[in-house]
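**Q**
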Amino acid sequence: MRETLTRMKQQDGYDFIVIDGAPRMTDLARAAIIISDLVVMPMQASGFDLWATDELKSMIEEAKIYKPEIINAVLLNRVVPNTNLAKDVLADMQENGWTFFDTVIGQRQNFANAATQGLTVFEVPNSKAAQDEILFMVDEILKLKD
Numbered sequence: 021m022r023e024t025l026t027r028m029k030q031q032d033g034y035d036f037i038v039i040d041g042a043p044r045m046t047d048l049a050r051a052a053i054i055i056s057d058l059v060v061m062p063m064q065a066s067g068f069d070l071w072a073t074d075e076l077k078s079m080i081e082e083a084k085i086y087k088p089e090i091i092n093a094v095l096l097n098r099v100v101p102n103t104n105l106a107k108d109v110l111a112d113m114q115e116n117g118w119t120f121f122d123t124v125i126g127q128r129q130n131f132a133n134a135a136t137q138g139l140t141v142f143e144v145p146n147s148k149a150a151q152d153e154i155l156f157m158v159d160e161i162l163k164l165k166d
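Residue numbers (our numbering): 21 to 166.
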């Protein structure tokens, strides 16, 4: 995997390569983490996601023994704003020293509609709020990489 990604960056001229992997596939997740410069951990505001992300965070900490420059941050996704659950999950992450994005991706019908049509929210009418959330996330990621 490392050789393929190195070739893609050097020969094909890619600045960024996104690996979307399931955190539960331990061997694959470890391999993806160790070759990554940045690990974005999407997480819903739920106890289940908090536990699953905690396991992924442990894998990242192990990888940092060999590659300490790995940057990792939690991205809250599908958040219903102004709910106690979202506030509680955010408070728990802060108490436990997690790094997280300022950007929060809301629970918006536009995301589901776009995916159902095989589109992005940038191709769906009346989805400015969803588009803005994605653009804010991209800006934050680019700032982390500077």
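Ideal Cβ positions, reconstructed from N, Cα and C, are used throughout, including at glycine. These numbers were taken from a predicted model, which means no experiment stands behind them.
Please classify E153: is it buried, with 16 or more other beta-carbons within 10 angstroms of its beta-carbon, or exposed?
**A** By the neighbour-count rule (16 or more Cβ atoms within 10 Å), E153 is buried.
**Q** Going by the beta-carbon positions, is the gap between M63 and L76 smaller than 7 Å?
**A** Not a contact, by the Cβ cut-off of 7 Å.
**Q** Between V124 and V99, which are expected to be in contact by the criterion C-beta below 8 Å, what is the C-beta distance as a whole number of angstroms?
**A** Sure, about 5 Å apart at Cβ, within 8 Å.
**Q** The beta strand (DSSP E) with D122 in it runs from where to where?
**A** First-last of the beta strand (DSSP E) with D122: 120–126.
**Q** Measuring only between beta-carbons, confirm whether I39 sits less than 7 Å from chain D.
**A** Going by chain labels, chain D is absent from the structure shown, which holds only one protein chain.
**Q** Measuring CA to CA, which of E89, N102, G117 is closest to D74?
**A** Checked all of E89, N102, G117; the closest Cα to D74 is G117.
**Q** At the level of alpha carbons, what is the spacing between N146 and K87?
**A** Approximately 43 Å, taken between the alpha carbons.
**Q** Under the assumption that A65 contacts L96 (Cβ atoms under 8 Å), give the Cβ distance between them as a whole number of angstroms.
**A** About 6 Å separates the two Cβ atoms, so the contact holds.
**Q** Where does the unbroken alpha helix (DSSP H) through V158 begin, and where does it stop?
**A** Unbroken alpha helix (DSSP H) run through V158: 148–165.
**Q** Can you say whether P59 is buried or exposed, counting buried as having 16 or more other CB atoms within 10 angstroms of its CB?
**A** The amino acid occupying residue 59 in the given sequence is Val; Pro does not appear at that position. Classification of V59: buried, given that the 10 Å Cβ count is 16 or more.
**Q** Whose CA, out of W71, N130, D112, I161, lies closest to the CA of A149?
**A** Taking only the C-alpha atoms, the option nearest A149 is N130.
**Q** Across which residues does DSSP place L95 in a beta bridge pair?
**A** According to DSSP, L95 bridges with P62.
**Q** Measuring alpha carbon to alpha carbon, tell me which residue in L70, R128, A83, N133 is nearest F120.
**A** Residue L70 is the option with its Cα nearest to F120.
**Q** When the Cα of I55 is compared with those of A106, K84, G138, which residue comes out closest?
**A** Here the closest residue by C-alpha is K84.
**Q** Anyone know if the C-beta pair for L164 and I90 falls short of 7 Å?
**A** Cβ atoms of L164 and I90: not closer than 7 Å.
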